[in-house]
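Residues in the sequence shown are numbered from 110 upward in steps of one, following the numbering used here. Glycine residues also receive a C-beta, built at the ideal position from the N, C-alpha and C atoms.
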Amino acid sequence: MSKIIMVTGGARSGKSEFAEKLARERGVPVLYVATAKANDEEMEERVKLHRERRPVDWETMEAPEGLNERLLEKNSDDEGGPCLILLDCVTVYISNFLVKNWDNWDYSKEKEIEAEFKKVIGTINNNDLEIIIVTNEVGFGLVPEYKMGRVFRDLAGKVNKLIADSADEVYLVLAGQPKRFK
């Protein structure tokens with residue numbers, strides 16, 4: 110039976126650590142799906158910190174794009190494979206998509222990323238996968254000054270709602286303190 114757990118919160122709020130704790134507590138093999146691209150020193154440092162914190166027996170799959178295809182590929186390759194997937198993070202994945210497509214951006218691209226996550230949810234449900242999905246809550250702050258920031262905020266909000274609507278459990282992590290909402 111599939112299960113979706115969503116963990117959201119602000120930047121550096123402790124959401125990844127909380128998601129990792131939930132995964133460890135399950136006591137089953139974990140596939141860590143990393144969406145980050147280390148394109149600069151700051152991101153290299155963030156990726157390094159995440160890697161150092163991860164248990165050595167967790168398998169890692171890099172998926173900065175083509176997320177649904179990667180999940181399908183992994184699911185078909187493994188006989189009984191990992192029992193739990195930890196996806197970190199949706200908003201990094203969205204930012205990868207946005208940056209890649211910004212030069213020819215139009216609002217049909219918005220539908221493309223929403224469709225990608227509908228496919229991901231379908232893949233989870235159709236293959237009885239269990240997943241913990243980490244994402245950022247970006248809608249509590251000021252309206253971004255620049256168009257790309259506004260588009261990112263809106264996309265993240267729509268995708269987060271889509272995931273939360275499908276999730277069995279939803280947690281908000283605020284200052285390191287998780288609160289279950291669903």
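Bounding residues of the alpha helix (DSSP H) (the contiguous stretch that carries residue i)
i: Ala224; result: 217–235
i: Ser142; result: In the sequence on display, residue 142 carries Val and not Ser. Val142 -> not in any alpha helix (DSSP H); beta strand (DSSP E) instead, spanning 139–143.
i: Lys131; result: A small correction: the amino acid at residue 131 is Leu; Lys does not occupy that position in the sequence shown. Element bounds for Leu131: 124–135.
Cβ pair residue i, residue j closer than 9 Å
i: Lys288; j: Ala276; result: no
i: Ile194; j: Val142; result: yes
i: Lys146; j: Pro173; result: yes
i: Lys267; j: Glu219; result: yes
i: Asn236; j: Asn184; result: yes
Among the options, nearest to residue i - alpha-carbon criterion
i: Val139; options: Leu158, Gly285, Ile240; result: Ile240
i: Glu126; options: Ile242, Ala273, Ala265; result: Ile242
i: Leu283; options: Ser122, Met110, Ser111; result: Ser122
i: Ala273; options: Ser111, Asn205, Val116; result: Val116
i: Trp167; options: Ile113, Asn269, Ile222, Gly136; result: Gly136
i: Met106; options: Lys227, Phe226, Gly231; result: Outside the displayed range of the chain (110 to 291) lies residue 106, so it cannot be described from this structure.
i: Val199; options: Arg133, Glu278, Phe261; result: Phe261
i: Ala265; options: Tyr255, Leu180, Glu246; result: Glu246
i: Asp197; options: Gly285, Val208, Arg155, Lys270; result: Arg155
i: Leu181; options: Phe249, Glu254, Ile233; result: Ile233
i: Glu134; options: Val201, Ala120, Pro164; result: Pro164
i: Gly118; options: Asp212, Thr169, Gly250; result: Gly250
Beta bridge counterpart(s) of residue i as assigned by DSSP
i: Ile114; result: Ile241, Glu278
i: Ala265; result: Paired residue(s): none; Ala265 is not in a bridge.
i: Glu171; result: Ala143
i: Pro287; result: Val282
N-terminal and C-terminal residue of the beta strand (DSSP E) that residue i is part of
i: Lys291; result: Counting along the chain, Lys291 falls outside any beta strand (DSSP E), and DSSP gives it neither H nor E.
i: Leu193; result: 193–197
Buried versus exposed, by CB contacts within 10 Å (16 or more), residue i
i: Lys124; result: buried
i: Asp149; result: exposed
i: Asp215; result: exposed
i: Glu225; result: buried
i: Val279; result: buried
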